[in-house]
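Participant:
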Amino acid sequence: MKFVDEAFIDIAAGDGGNGCVSFRHEKYKEFGGPNGGDGGRGGHVFAVADPSLNT
């Protein structure tokens, strides 16, 4: 007897956030300009199988 186990899994990592709104301050420069961040790369996804489980 042939048995095929099939599953559809939807996985999504984090988006890294919105970043930071901030402005550069320099001693002799009136308008320093922006220096905010981009929020990073997001999270990692790990898939770990358990060989002791039966489906």
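Count along the sequence shown from 1, then add 67; that gives the number in this note's numbering. Even glycine gets a Cβ: it sits at the ideal position worked out from N, Cα and C.
1. Can you look up GLU73 in the DSSP assignment and give me helix, strand or coil?
2. Using DSSP with H/G/I as helix, E/B as strand and the rest coil, what is PRO101?
3. So the candidates are GLU93, TYR95, CYS87 and ALA114; which of them puts its Cα closest to the Cα of GLY103?
4. With a threshold of 6 Å, establish whether the CB of LYS96 neighbours any heavy atom of the ligand ATP.
5. Cutting at 6 Å between CB atoms, please list the residues of its own chain near ILE78, excluding the five before and the five after it.
Facilitator: To lay it out plainly:
1. One-based indexing of the sequence shown puts residue 73 at position 6. Here GLU73 sits in coil by DSSP.
2. Indexing the sequence shown from 1 puts residue 101 at position 34. Strand.
3. Counted from its first residue, the sequence shown places residue 103 at position 36. The option with the nearest alpha carbon to GLY103 is CYS87.
4. This structure simply doesn't include the ligand ATP, nor any ligand for that matter.
5. Indexing the sequence shown from 1 puts residue 78 at position 11. Correct list, in chain order: VAL112.
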